[in-house]
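Encoded as structure tokens, the structure appears first; notes follow it.
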Amino acid sequence: MSAVEEGVRLDGGGGSEDCDSSSDEENAFWWQRGLIQAPRCVVKWDHVDEDRESKGIAEKGRKVTWSELFLDLILVTNIGKLGEAYQAGDLSLLEAVVLYRIIYACWWSTTQYAGRFFCDNLVDKYACTGLLMFLLCCAGLRIGGGYEFVATAQTVARAAAAYHAVMSVLYFRVVASLPSTRAHMVRHGVVPGVLEAVGNLVAARVSDPVWMLGALLFVGLFIPAFHGVGYNCFRIPKRDRVPVHVDHLIERRGCLRLILFGEVVTGCTITPARLGVTAILPVALAFLIVLNMKLLAFDVDVVPIKRHCYRVGGFFRPWIYLEAAFFFDVAMAVAGSCVRIVLTLMLVTQPHTWKRADDAHTLLCLCVATAIACLTLERLTHNLSHILGTDHWWTYWGTFRKQPYLSIRDPDPSARRIFHVQLLTHVAIILLCVTLAAYCNTIDSPYELTLVVAGLAAMTSIAVLVNLADEVAVVESRRDLP
């Protein structure tokens, strides 16, 4: 049996449906001639026959290819350079975040394409993915090193424009090869890529820092808005869509976040002037903050794929989920820079620059508050009917279209109570972090600096414990899932 004959078509809006026979034959025709790779939704992902090539699947159960991981590493390297430029004072916080958004838009366009099509054949590895990696390297050529924002932004914008132009060419291959998906690919692949490329080129020609910052901010936020308008106003029949592979999207998102956490941990790797308890304690507390945030993001609230917002939501749930995920990554990247600034001022530089220390501690507290708020938003976008007994549109940002809610008859009352306690705990921790940030403006001693870091470590530890209690209750309630 061929890969196409045993394929299934996954739809990001809910459930799955069999591929049309004509579409199967068309995909097989172009795939066998090497013009494009077969769509992920046409090939059964976790099955590799012994008598045929794997077509880029390294082993059973793996969703993300090595090339995609390598591209993520290069992207996070640029994020690390943005953090170093912020620490050195070459870029302000807003400038670094806006440039990060431009680079993130490149990653998102690649993730969408890779979520629809296999992109790990030799041609894609060398000519396409390799070129995209090189463009990301070019984007970081003038990040840091004493360059001002205008010079840095022009280099990043030009590299991003070339990046989106390459992605548009890839989508043109799909448009030419698969006529049945032409409308979907043009509206959600070619047109956004061309607009991003043109927008970045226009922004790169601006010489005034304020106007350039505004232009880049507009370009970085344009793609999500464009996709929202296109999704809700220009409907495309399901039979003509090439939906994103949900499992691949989730795993790709997790890989980027995990690599980013590795970059955040480098904030704890400083060289103190003297090695002792007074040096190890602040480093241990800072590392505990990062570890707790990693546990909150990955290990204590695993959402079943059938309840993920990409399976049960329309447009607003996935959009809120992706934006919350982006701002969580931004908060953690900034937190890593703040941790390095804080530990350097506490353990290396003497005497302390109190204004710099106060600002770094204040921003660290706000980053922790923002990260916890974003994780809470991420969770609320998923289907919660197995806990709350309902998932109506007025409950948590419902959808424009009806979807199966996967509800169960008798939700566990204890899970519901613990869920509400968890939400209240998150809100309380966010408020305490904001209060602690306000207190940081009055710090004038190393002892108080350590207390602030200890307070953040304690609050994130409480959040982990509360989430673990909720996870135990949710596991009990999932035993009755269909």
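Position 281 of the sequence shown, counted from 1, bears residue number 281 in full-length UniProt numbering, the numbering being contiguous throughout.
The C-beta atom is built at its ideal place from N, Cα and C for all residues, glycine as well.
Everything numeric in this text was worked out from a predicted model, so none of it was measured.
DSSP places Asn-78 inside the alpha helix (DSSP H), whose first and last residues are 66 to 88. The Cβ neighbour count for Asp-247, taken over all protein chains shown within 10 Å, is at least 16; the residue is labelled buried.
Under the three-state reduction of DSSP, Tyr-321 is assigned to helix.
Nearest to Leu-380 by C-alpha distance, out of Arg-340, Ile-418, Arg-417, Leu-423, is Leu-423. Asn-78 is classed as buried because its beta carbon has at least 16 other beta carbons within 10 Å across all chains shown. The residues Leu-82, Leu-91, Ile-143, Thr-152, Ala-153, Val-156, Leu-216, in chain order, have a CB closer than 8 Å to that of Leu-99 in the same chain once the five nearest residues on each side in sequence are set aside.
Taking the C-beta atoms as reference points, Leu-195 is found no nearer than 9 Å to Ala-159. Within the same chain, Gly-83, Glu-263, Val-264, Val-265, Thr-266, Gly-267, Val-290 come within 8 Å of Gly-336 by CB-CB distance, once the 5 residues on both sides are set aside. Annotation for Lys-294: the continuous alpha helix (DSSP H) segment containing it runs 277 to 298. With contacts defined as CB atoms closer than 9 Å, Arg-252 and Ala-325 fail to qualify as a contacting pair. In the three-state reduction of the DSSP assignment, His-382 falls in the coil class, being assigned neither a helical nor a strand state. With contact defined as three or more Cβ pairs closer than 8 Å, the region 424 to 439 and the region 365 to 383 are in contact. The straight-line gap separating the alpha-carbon atoms of Gly-130 and Glu-68 is approximately 10 Å.
In the structure shown, the three-state DSSP call for Val-303 is coil. For the pair of segments examined, the region 337 to 347 was found to touch the region 269 to 281: the number of CB pairs separated by less than 8 Å reaches three.
Cα atoms of Cys-440 and Cys-365: separation of roughly 9 Å, rounded to the nearest angstrom. When only Cα atoms are considered, Lys-306 and His-382 end up about 10 Å apart. When Glu-448, Thr-370, Ile-103, Arg-205 are compared, the shortest CA-CA separation from Leu-431 is found for Thr-370. Closest option to Cys-137, judged by alpha-carbon separation, among Leu-75, Phe-172, Val-244, Arg-356: Leu-75. Per DSSP, the continuous alpha helix (DSSP H) segment holding Ala-197 begins and ends at 191 to 204. Taking a C-beta distance under 9 Å as the contact criterion, Ile-341 and Arg-317 do not qualify as a contact pair.
Leu-132 sits away from Thr-111, with the two beta carbons spaced by 9 Å or more. Val-348: not part of any alpha helix (DSSP H); DSSP gives it neither H nor E.
In the three-state reduction of the DSSP assignment, Gly-146 falls in the coil class. Of the residues assessed, His-361 falls on the buried side of the cut-off, its CB having 16 or more other CB atoms within 10 angstroms. Leu-296 is positioned such that its CB atom lies closer than 9 Å to that of Ala-463.
Secondary structure at Asp-208: coil, using DSSP grouped into helix, strand and coil. Here the alpha carbons of Gly-80 and Asp-329 stand approximately 12 Å from one another.
The shortest C-alpha to C-alpha distance from Ala-284 to any of Asn-467, Ala-454, Tyr-104 is the one to Ala-454. Leaving aside the five residues that flank Cys-255 on each side, the residues in its chain whose CB is nearer than 8 Å to its CB run, in chain order, Val-64, Glu-68, Leu-69, Asp-72.
For the 9 Å CB-CB criterion, His-164 and Gly-193 form a contact. Ranked by how close their Cα comes to the Cα of Ala-162, the residues Arg-182, Pro-209, Asp-208, Cys-106 have Cys-106 in first place.
The shortest C-alpha to C-alpha distance from Val-300 to any of Leu-94, Ile-250, Arg-101, Ser-461 is the one to Ser-461. Residues of the same chain with a CB within less than 8 Å of the CB of Val-303, apart from the 5 flanking positions on each side, are Arg-379, His-382 in chain order.
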